[in-house]
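Residues 2 to 228 (my numbering) make up the sequence shown, in order. Ideal Cβ positions, reconstructed from N, Cα and C, are used throughout, including at glycine. Predicted, not measured: the structure shown is a model, and the values here were computed from it. Here the structure is laid out as structure tokens; the discussion comes afterwards.
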Amino acid sequence: MLPRRWAAASALLRVPVLHRLGRNQSFAYLAARTRFYDEFVTDALDDGAEQVVVVGAGLDSRAWRLARPGATFFEVDLPATQADKRSRAPDGGPVYVAADAADPSLADKLKAAGFRADETTAFTVEGLTMYLTREEVARLLGTLASIGGPASRLAVNFGVGFERHGSRRGRFGRLAMASGGERYNFRLALADARSSSPRPVGPMKRRSQVHSSAPSTSPTPDWPASR
Ligand SMILES: C[S@@+](CC[C@H](N)C(=O)[O-])C[C@H]1O[C@@H](n2cnc3c(N)ncnc32)[C@H](O)[C@@H]1O
């Protein structure tokens, strides 16, 4: 499913002399984030969730990898991105819902696609919130919190930092996003992330790492210097 240039880049990273390039902080971060959401969905299904709603799905493959009899996956993404995925994806998989996550009528669109408000649901909002405004994030989370059946659960992650505009890392992050035609909108300030039940994770190496409720989605996570 990878576009040809990404498949080529991925093959190059397997060449021994270039292998080190693939071992940077961002890859490790994305691997940890993938595992976090995999475990979240798996636990929810083990506990009896009947629906999984993946908001801002991109090329998410959980509808195939974590599929179970009796569980329905829904994927929400913008129409153009979703059409591209559908043109390459294998058979089976999710119920596709082409919609803007910021659309106030998202709940109606999900229901029109077969989402059942009386069923236990796991919602994932992975790698999306930074593309929305603060108001859109609040509305989306409010909507998702209100439409699932009993014992529904939701996992979401936020970009953290980049507010140190003078820092090299902050400048690089913004440049990298802009060069791909993307703009960061919403992100948590470091102080807010620290105050929302921070917990240390992983081995403490060069600096402490703090996740709030879920890992940040910064392409180059800008963790607090120390705690
Ligand atoms: C960084 S990708 C994350 C994809 C996937 N969730 C993951 O973590 O690998 C962001 C995804 O959000 C989608 N997206 C961005 N803005 C959106 C919006 N307003 N409504 C729905 N999807 C959106 C993009 O099309 C893209 O697929």
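Check whether residue i and residue j have beta carbons under 9 Å apart
| i | j | result |
| --- | --- | --- |
| Val98 | Leu111 | yes |
| Val157 | Thr134 | no |
| Ala45 | Val56 | no |
| Gly160 | Leu142 | no |
| Leu79 | Ala100 | yes |
| Thr35 | Leu67 | no |
| Pro105 | Arg63 | no |
| Phe187 | Arg154 | no |
| Asp193 | Thr121 | no |
Rounded Cβ spacing between residue i and residue j (contact assumed at less than 8 Å)
| i | j | result |
| --- | --- | --- |
| Glu40 | Asp61 | Their Cβ separation, rounded to whole angstroms, is 15 Å, which puts Glu40 and Asp61 out of contact at 8 Å. |
| Gly59 | Phe74 | At roughly 14 Å, the Cβ-Cβ gap does not stay under 8 Å, so Gly59 and Phe74 are not in contact. |
| Gly71 | Ala118 | With 8 Å as the limit, Gly71 and Ala118 do not qualify as a contact, their Cβ atoms being about 18 Å apart. |
| Ala114 | Val96 | 5 Å |
| Thr144 | Ala108 | 5 Å |
Collapsed DSSP secondary structure at residue i in the structure displayed
| i | result |
| --- | --- |
| Val126 | strand |
| Trp7 | helix |
| Leu13 | helix |
| Arg135 | helix |
| Arg154 | strand |
| Lys206 | For Lys206, the predicted structure reports a pLDDT of 33, less than 50, and the residue's modelled location is therefore unreliable. A value from the coordinates is still provided. Coil at Lys206, not helix or strand. |
| Pro199 | Legend: pLDDT at Pro199 = 45, less than 50; position of this residue unreliable, no value from coordinates given. |
| Leu19 | helix |
heavy atom of ligand 1 below 8 Å from residue i C-beta
| i | result |
| --- | --- |
| Gly71 | no |
| Thr82 | yes |
| Tyr132 | yes |
| Arg135 | no |
| Asp61 | yes |
| Ala58 | yes |
| Leu79 | yes |
| Gly94 | no |
| Arg195 | no |
| Gly143 | no |
| Leu155 | no |
CB contact below 9 Å: residue i versus chain B
| i | result |
| --- | --- |
| Ala114 | The structure shown has no chain B; it contains just one protein chain. |
List in chain order: all unbroken alpha helix (DSSP H) runs of 4+ residues lying wholly within the stretch 22-103.
Entirely contained in the stretch 22-103, the alpha helix (DSSP H) runs reaching 4 residues are, in chain order, 26-47, 63-66 and 80-89.
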